[in-house]
Amino acid sequence: MTAGMKTVGEVLVDLLEANGVEVVFGIPGVHTVELYRGLASSKIRHVTPRHEQGAGFMADGYARVSGKPGVALVITGPGLTNTITAMAQARQDSIPMLVISGVNRRDSLGHGRGLLHELPDQHGMMKTLALYSHTLLNPTDLPLVVDRAFAVLLSGRPGPVHIEIPTDVMALPIESKAARPAAATRPRSDGETLQKAAILCAEAAQPVIICGGGALTAEAEVRQLAELIGAPVVTTVNARGMLAGHPLRVPASPSLKAVRALLRAADLVLALGTEMGQTDYDLYADGGFPELRNLIRTDIDAAQLARGPQAALSILSGAKMATAGILGFLPGHMAAKDGAERAEFARKAALKELSAKMRAEVAVIDMIYGALPDCVIVGDSTQAVYAGNLYCDAPRQRSWFNSATGYGALGYAPPAAVGAAVADRGKPVVCLVGDGGFQFSLAEIGSAVDAAARVIFLVWNNDGYQEIESYMVDSGITPEGVKPSAPDFLMTARAYGVPAERLADVRDLPRALTVAAARPGPSLIEIHEAKTVGVTA
């Protein structure tokens with residue numbers, strides 16, 4: 001090859017490195033091998049899942065812990081369609097994810113000739129889901145396409161983006177130039193709007209702040225603002241852990257009556273970085289979320305500001321810039337308000353509102369954090385996680401996240417936990433998963449072994465899909481299809497060489513977690529609702 005030239009696959013790796021990519025999750029195939037040509041000699045680590053859906057979920061978990069885009073590399077056709085579920089979860093939860101796939105050679109696209117892994121219109125399919133999708137027909141466009149992909153990931157509301165490279169383009173030579181990272185440009189509101197918001201905040205007697213996942217980077221500013229105006233801070237699922245331990249925190253769902261009462265009584269509500277969607281604000285679909293007085297809504301996405309409850313004032317801006325801007329128009333000291341008392345009342349009332357069973361499940365979550373205060377809990381759609389989404393006093397942000405909100409995919413937690421562990425090797429990761437959901441991605445135990453990931457698979461075994469069974473019973477429907485047979489999870493883990501134990505008493509959990517966290521790789525602990533004493537009330 002001519003000096004100064006590299007293949008498209010090699011330049012792609014250079015561009016990923018330039019944009020700070022340290023890990024790629026993927027399964028190589030004949031339709032992507034040329035994209036791997038420069039990977040082994042790069043600084044990028046490759047982690048191999050057992051299924052492409054796992055690659056997407058690993059990228060998701062990695063992004064949530066690291067705060068950087070997660071990257072998945074998959075083959076055309078089934079590799080990409082297997083990844084779609086993970087992309088949909090990322091779209092719903094605003095998680096930055098770059099999916100790079102192959103696609104069949106350029107002269108075959110749209111002709112339906114029955115090529116291996118062929119789809120009728122792969123790019124057309126992905127355009128409906130990805131924030132940005134591009135087919136690299138001209139190899140020299142690669143730097144521009146990668147630059148645009150990262151600009152989309154870093155500039156607006158995050159989500160999945162997609163680049164597909166035809167198999168006949170991957171090995172073509174292109175000029176290798178010095179790669180540089182994409183520039184991020186975020187919207188910033190004008191001073192007049194921020195001043196209006198500041199005036200409303202200063203005049204409010206009973207303000208409340210709501211933080212969604214989009215407010216994670218603004219924690220310091222939110223704390224300062226909340227203290228200044230005396231506002232309780234309600235955190236949605238993806239913002240749990242913000243203001244951890246602070247007297248103004250309310251780590252409870254806006255779907256609970258106690259939190260709704262707090263919001264109903266407020267004369268100002270400042271919503272930061274939250275889509276105000278059903279799975280946070282109307283989980284039980286009862287239509288009981290109150291109409292908010294003087295709602296100030298801040299979002300990085302103009303389209304999102306047009307959805308949901310009508311705001312008295314909309315601010316098109318990232319949460320950090322908006323909060324900092326509002327603070328700039330407020331005096332340094334304001335009259336003391338009863339924010340801490342209102343927050344404490346809401347916390348106690350919200351926890352009391354939960355059923356005895358849910359409070360027992362929340363107590364187990366508290367036990368996990370008590371034993372491993374630096375851990376990250378990655379949850380699946382399982383009953384203990386549902387309880388935690390209603391109330392979880394997480395010790396810091398990015399330490400509690402799951403798939404039981406937004407898209408609600410089962411099988412998310414095991415691969416996402418691996419991604420989380422790869423993102424931060426210094427913290428143990430607890431994968432809180434049900435026996436039903438675990439079977440969606442059971443083989444990812446092997447991925448954890450290969451990656452030497454410090455994942456503790458905490459299996460919440462209730463002998464099937466108990467949440468669905470209870471819903472059927474409550475609806476007067478004879479339960480059907482809710483008792484799938486499960487393997488012996490201990491034997492399954494041990495087949496991969498993973499230490500495993502089943503708890504006889506939930507009081508043994510702190511000891512088991514401490515032992516598991518001391519290991520350099522994965523472990524498995526099973527809690528059985530019927531056989532483990534003290535799990536439920």
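First residue of the sequence shown? That's 1 in the UniProt record's numbering, and the numbers climb one at a time after it.
All C-beta atoms in this analysis are idealised placements derived from N, C-alpha and C, irrespective of residue type, glycine included.
(message) With H, G and I counted as helix, E and B as strand and the rest as coil, what does DSSP make of A443?
(response) coil
(request) Identify every residue that forms a DSSP beta bridge with L524. (result) F457, A500
(message) One question on the structure: do L305 and V269 come within less than 7 Å of each other, judged by their Cβ atoms?
(response) no
(request) Could you pull out every residue in the same chain whose Cβ sits closer than 6 Å to the Cβ of A204, ignoring the five residues on either side in sequence? (result) D267, L268
(message) Under 8 Å: do the stretch 493-511 and the stretch 522-533 share three or more Cβ pairs, one atom per stretch?
(response) yes
(request) Output the distance between the C-alpha atoms of I210 and L16, rounded to the nearest integer angstrom. (result) 35 Å
(request) State the Cα-Cα distance for the pair Y281 and Y386, rounded to the nearest angstrom. (result) 14 Å
(message) Just to confirm the assignment: which complete beta strand (DSSP E) runs, minimum length 3, are found wholly within the stretch 363-401?
(response) 376-379
(request) Grab me the residues of F106's own chain with a C-beta within less than 8 Å of its C-beta, minus the 5 sequence neighbours each way, in chain order. (result) Checking the sequence shown, residue 106 turns out to be Arg, not Phe. These residues qualify, in order along the chain: L137, P166, D168, V169.
(request) Report yes if the CB atom of I75 is closer than 7 Å to the CB atom of I163, and no otherwise. (result) no
(request) Report yes if the CB atom of L313 is closer than 7 Å to the CB atom of K196, and no otherwise. (result) yes
(message) As an exercise, report each continuous beta strand (DSSP E) stretch of at least 3 residues that is fully enclosed by the stretch 218-295, in chain order.
(response) 233-235, 268-272
(request) Could you tell me which residues DSSP puts in a beta bridge with C211? (result) T235, L272
(message) I need the DSSP call for S176, collapsed to helix, strand or coil.
(response) coil
(message) Measuring only the C-alpha atoms, how far is V21 from P69?
(response) 8 Å
(request) Could you tell me whether the Cβ of P254 comes closer than 7 Å to any Cβ of chain B? (result) Given the protein chain composition of this structure (a single chain), no chain B is represented.
(message) Our contact map puts G446 next to Y369 with C-beta atoms below 8 Å; I'd like the distance itself, whole angstroms only.
(response) With a Cβ gap of about 28 Å, G446 and Y369 do not count as contacting.
(request) Taking the CB atoms as reference points, tell me whether V65 and A423 lie closer together than 7 Å. (result) yes
(message) Less than 8 Å between C-beta atoms, sequence neighbours within five positions excluded: which residues of the same chain meet that for S255?
(response) D280, Y281, D282, L283, Y284, F289, L390
(message) Between the alpha carbons of A394 and K6, how many angstroms are there, rounded?
(response) 48 Å
(request) Please report the Cβ distance between A350 and A239, rounded to the nearest whole angstrom; I am assuming they are in contact, meaning their Cβ atoms lie under 8 Å. (result) In fact, because the Cβ distance is near 15 Å, the residues do not count as touching under 8 Å.
(message) For the alpha helix (DSSP H) containing V169, name the first residue and the last one.
(response) 167-170
(request) Entirely within the stretch 52-98 and at least 3 residues each: give me those beta strand (DSSP E) ranges in chain order. (result) 70-74
(request) Compare the C-alpha of D374 against each of G406, A421, N402, A340 and name the closest. (result) A421
(request) Could you tell me which residues DSSP pairs with M5 in its beta bridges? (result) E175
(request) Closer than 6 Å by C-beta to A198: which residues in its own chain qualify, once you throw out the five before and the five after it? Chain order, please. (result) I326, F329, L330
(request) Buried or exposed for A86, please, with buried defined as at least 16 other CB atoms from any protein chain shown within 10 angstroms of its CB. (result) buried
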